[in-house]
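Engineer: I'd like to ask some things about the structure below.
In this note's numbering, the protein residues as written are 138 to 299.
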């Protein structure tokens, strides 16, 4: 008998759609991974994406670890006020990584990005992962139109500012 459960399914404790009215099947898919400490920067980043891409349907996927009820409520408010699609994937406390991986102060929440493709594979074949400290200052059309044929991923280096 074949097991239909994905490796990542056992780590998803709960999936919450924060604005059912705004749920869409088309458009762009953007993922963030964070814990309660980065909820505010994630909210700012998400808002900057919406404000700079007003004519684009965007599905946000939030992979969270230990997110407080207050911060979850804040994202629900953003989803309703900005009429956008936000799905929150609450990660179970069983999620762990090899402690040798957590070097240089990298948190478990940072490692959540590794399960994003598997969790979203039934929803989309293309997802943009953004760090929570990313501020969007323009259209994302160019990023989403990059030719990825025969490529697993495209990576953009950090920009240096003077």
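In this text, a Cβ means the ideal position worked out from N, Cα and C, and glycines have one as well.
1) So, with DSSP's three-state summary, where would you put residue 119?
2) Taking the alpha carbon of residue 270 as the reference point, which residue from 182, 256, 186, 200 has its own alpha carbon closest?
3) Based on the DSSP secondary-structure assignment, which residues constitute the bridge partners of residue 222?
4) DSSP three-state label for residue 252, please.
5) Relative to the C-alpha of residue 286, which candidate in 222, 220, 150, 263 has its C-alpha closest?
6) Please report the Cβ distance between residue 169 and residue 204, rounded to the nearest whole angstrom; I am assuming they are in contact, meaning their Cβ atoms lie under 8 Å.
7) Short of 8 Å in beta carbon distance, which residues of its chain neighbour residue 281, apart from the five on each side in sequence? Order them along the chain.
8) Tell me, please, which residues DSSP counts as bridged to residue 170.
9) Would you call the stretch 177 to 191 and the stretch 288 to 296 in contact, with 3 or more CB pairs under 8 Å?
10) If we call anything under 9 Å between Cβ atoms a contact, is residue 155 one with residue 223?
11) Between the alpha carbons of residue 148 and residue 277, how many angstroms are there, rounded?
12) To the nearest angstrom, report how far apart residue 150 and residue 172 are at their CA atoms.
13) For residue 274, does the count of other Cβ atoms within 10 angstroms reach 16, so buried, or fall short, so exposed?
14) Locate the alpha helix (DSSP H) running through residue 184, then write down its first and last residues.
15) Between 225, 219, 194, which lies nearest to residue 153 when the distance is taken from Cα to Cα?
Structural biologist: In short, the structure shows the following:
1) With the chain covering only 138 through 299, there is no way to say anything about residue 119.
2) Here the closest residue by C-alpha is 182.
3) DSSP output for residue 222 lists 196 as bridge partner(s).
4) Correct three-state label for residue 252: helix.
5) Closest in C-alpha terms to residue 286, from the list 222, 220, 150, 263, comes 263.
6) About 11 Å; that fails the 8 Å criterion.
7) Cβ-Cβ distances below 8 Å link residue 281 to 165, 263, 265 in the same chain, with the five nearest sequence neighbours on each side left out; the list follows chain order.
8) Residue 170 pairs with 200.
9) Not touching, per the Cβ criterion.
10) Contact: yes.
11) Counting only the Cα atoms, residue 277 lies some 30 Å from residue 148.
12) One alpha carbon belongs to residue 150, the other to residue 172, and they sit about 14 Å apart.
13) Residue 274 should be labelled exposed.
14) DSSP places residue 184 in the uninterrupted alpha helix (DSSP H) bounded by 176 to 189.
15) Answer by Cα proximity: 225.
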